[in-house]
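> Starting off with a structure, shown below.
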Amino acid sequence: MYRKAVYREYTDETFTKLKPRALEWQHLGMLGPVLRAEVGDTIKVNFRNNTTHPYSMHPHGVFYEKASEGSNYEDDSTAADKANNTVPSGQTHIYTWQVPERAGPGPGDGSSVVWLYHSHVNEPKDVESGLIGAIIITARGMARADGRPKDVDREFVNLFMIVDENTSWYLNHNIQTYASDPKGVNKMELIPTDDEGTFSLVGTGFVAANVKAAINGYIYGNMPMMTMKKGERVRWYLVTIGEGFNIHTPHWHGNVVLDRGRRTDVVAISPAQMLTVDMVPDDPGIWMYHCHIDDHMDAGMVALYKVEP
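Written as structure tokens, this is what we have:
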């Protein structure tokens, strides 16, 4: 068990009541709420930091001015423009992001595309701590009233990520709270090999034990079931982020997807890449869904999905 910082949606600007997450979106796990817009819209996010560390919200793909970039670096901006880069504990900031044509689907895309948003004060530590989510942008005129694309029956968002809890802001808290012998922990103990001496994500030692190959923060098939019906138009939004070993090959057993005009059952994503693929399932059953890189799969990057008749 680990403490995480996560983006969560509230019912209003008082930030007193969490908005319940619908059953079909329980698979999001550690991901923040899906932010939706149609080309031509403006996204406004009222962000409150309820944690003990300074954080922010930095979007990919959309248009923003310096006052809504959410990224902490020296760029000669004014103090007012930098206020959004680091939102202290207990403070709020309203981020404003515009959605021009270039933020939406391109000529070779379907009716919607996915972008990431995440904290960018100390990006590696912030994201490893849990602060990441997805933005879905739909083509102009192609969104339903609730923002979902008109030509899609069901959507899933999956973050394939090797989560390094050793990098999290909450490492020391987790040691003190969850370790059976906190004083005996050696944070430099690293034996990232299997019994045969081969490098493996499921090696032994403190460091290796805190590296988790996850999908939306879930490992070894514990993600809530992603359920669809035979013949539905299903859209999968696939993202990853993190260190160089976050190269993943999502693979669906039982069914195939269409990836930019190419029929396949395996796709590839690299760190910070965002990919949208479509499926019309024709093979009912409960199927394995996993990264096809062997040591990632062995380390737990496995989920299940269900196709109902």
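If you read the sequence shown in numbering that gives the first Met the number 0, its first letter stands for residue 0, the second for the next number, and so on.
In this text, a Cβ means the ideal position worked out from N, Cα and C, and glycines have one as well.
Please read these numbers as outputs of a predicted model, since none were measured by experiment.
(1) In the structure shown, what three-state DSSP assignment does L30 receive?
(2) Closest to T248 by CA distance: which of I292, M0, Y177, A144 is it?
(3) Compare the Cα-Cα distances from K3 to each of I131, V256, R20, A302 and report the closest residue.
(4) Work out the CA separation of M287 and W251 for me, nearest whole Å.
(5) Which residue's Cα is closest to the Cα of T275: G299, D282, V238?
(6) Assuming F62 and A102 form a contact by the criterion Cβ under 8 Å, report the distance between their Cβ atoms to the nearest whole angstrom.
(7) Which ranges does the beta strand (DSSP E) cover as unbroken runs of at least 3 residues, wholly within the stretch 171-253, from first to last along the chain?
(8) Taking Cβ positions, are A138 and V44 nearer each other than 8 Å?
(9) Would K124 and E164 qualify as a contact pair, given that the criterion is a beta-carbon distance under 8 Å?
(10) In chain order, which beta strand (DSSP E) runs of at least 3 residues are fully inside the stretch 49-117?
(11) Would you mind listing the beta strand (DSSP E) stretches within the stretch 126-179 that are 3+ residues and don't spill past its ends, in chain order?
(12) Mark Y94 as exposed unless 16 or more other C-beta atoms lie within 10 angstroms of its C-beta, in which case mark it buried.
(13) Helix, strand or coil: which one does DSSP assign to H291?
(14) Of all the options G183, K305, M56, which has the alpha carbon lying nearest to the alpha carbon of W114?
(15) Buried or exposed, going by whether 16 or more other CB atoms sit within 10 Å of the CB of R313?
(16) Please identify the residue among V126, G230, D74 whose C-alpha is closest to the C-alpha of D281.
(17) Whose CA, out of D277, P87, H289, W235, lies closest to the CA of A133?
(18) Are the CB atoms of V126 and G243 within a distance shorter than 8 Å?
(19) Below 8 Å between beta carbons: does that hold for F155 and I268?
(20) Return the residue from the list D297, T226, G253 that minimises the CA-CA distance to K305.
(21) Under 8 Å between the Cβ atoms of N71 and H119?
(22) Give me the Cα-Cα distance between F205 and T51, rounded to the nearest whole angstrom.
In brief:
(1) In the sequence shown, residue 30 corresponds to position 31, counting from 1. Looking at L30 - three-state DSSP - the assignment turns out to be coil, as it is neither helix nor strand.
(2) Translated into positions along the sequence shown, residue 248 becomes position 249. It is I292 whose Cα lies nearest to the Cα of T248.
(3) Residue mapping note: residue 3 aligns to position 4 of the sequence shown, counting from 1. Cα-wise, what sits closest to K3 is I131.
(4) Counting from one through the sequence shown, the residue named residue 251 turns up at place 252. Counting from one through the sequence shown, the residue named residue 287 turns up at place 288. Cα-Cα distance, rounded: 7 Å.
(5) Taking the first residue of the sequence shown as 1, we reach residue 275 at position 276. Comparing Cα-Cα distances from T275 to each of G299, D282, V238, the minimum goes to V238.
(6) Along the sequence shown, read from residue 1 onward, the residue named residue 62 stands at position 63. Along the sequence shown, read from residue 1 onward, the residue named residue 102 stands at position 103. About 7 Å separates the two Cβ atoms, so the contact holds.
(7) 190-192, 198-203, 210-214, 225-228, 233-238, 249-251
(8) Start at 1 with the first residue of the sequence shown, and residue 138 comes out as number 139. Start at 1 with the first residue of the sequence shown, and residue 44 comes out as number 45. Not in contact: A138 and V44 (Cβ atoms no closer than 8 Å).
(9) Position 125 of the sequence shown, counting from 1, holds the residue named residue 124. Position 165 of the sequence shown, counting from 1, holds the residue named residue 164. No, these two residues do not count as a Cβ contact at 8 Å.
(10) 91-97, 111-117
(11) 131-137, 153-163
(12) The sequence position of residue 94 within the sequence shown is 95, counting from 1. Y94 comes out buried.
(13) For this step, residue 291 is matched to residue 292 along the sequence shown. Three-state DSSP puts H291 in coil, outside helix and strand.
(14) The residue given as residue 114 occupies position 115 in the sequence shown. Ranking G183, K305, M56 by Cα distance to W114 puts M56 first.
(15) With the chain covering only 0 through 308, there is no way to say anything about residue 313.
(16) Counting from 1 along the sequence shown, the entry for residue 281 is found at position 282. D281 has its Cα closest to that of G230, out of V126, G230, D74.
(17) Counted from its first residue, the sequence shown places residue 133 at position 134. For the residues D277, P87, H289, W235, the minimum Cα distance to A133 belongs to W235.
(18) Translated into the one-based positions of the sequence shown, residue 243 becomes position 244. Translated into the one-based positions of the sequence shown, residue 126 becomes position 127. No, they are not a contact pair.
(19) The count along the sequence shown starts at 1 and reaches residue 155 at position 156. The count along the sequence shown starts at 1 and reaches residue 268 at position 269. No, they are not a contact pair.
(20) Stepping through the sequence shown from its first residue, residue 305 is reached at position 306. Comparing Cα positions, the closest option is T226.
(21) On the sequence shown, position 72 is the one that residue 71 refers to. On the sequence shown, position 120 is the one that residue 119 refers to. Yes, these two residues count as a Cβ contact at 8 Å.
(22) Taking the first residue of the sequence shown as position 1, residue 205 is located at position 206. Taking the first residue of the sequence shown as position 1, residue 51 is located at position 52. If you take the alpha carbons of F205 and T51, they lie about 25 Å apart.
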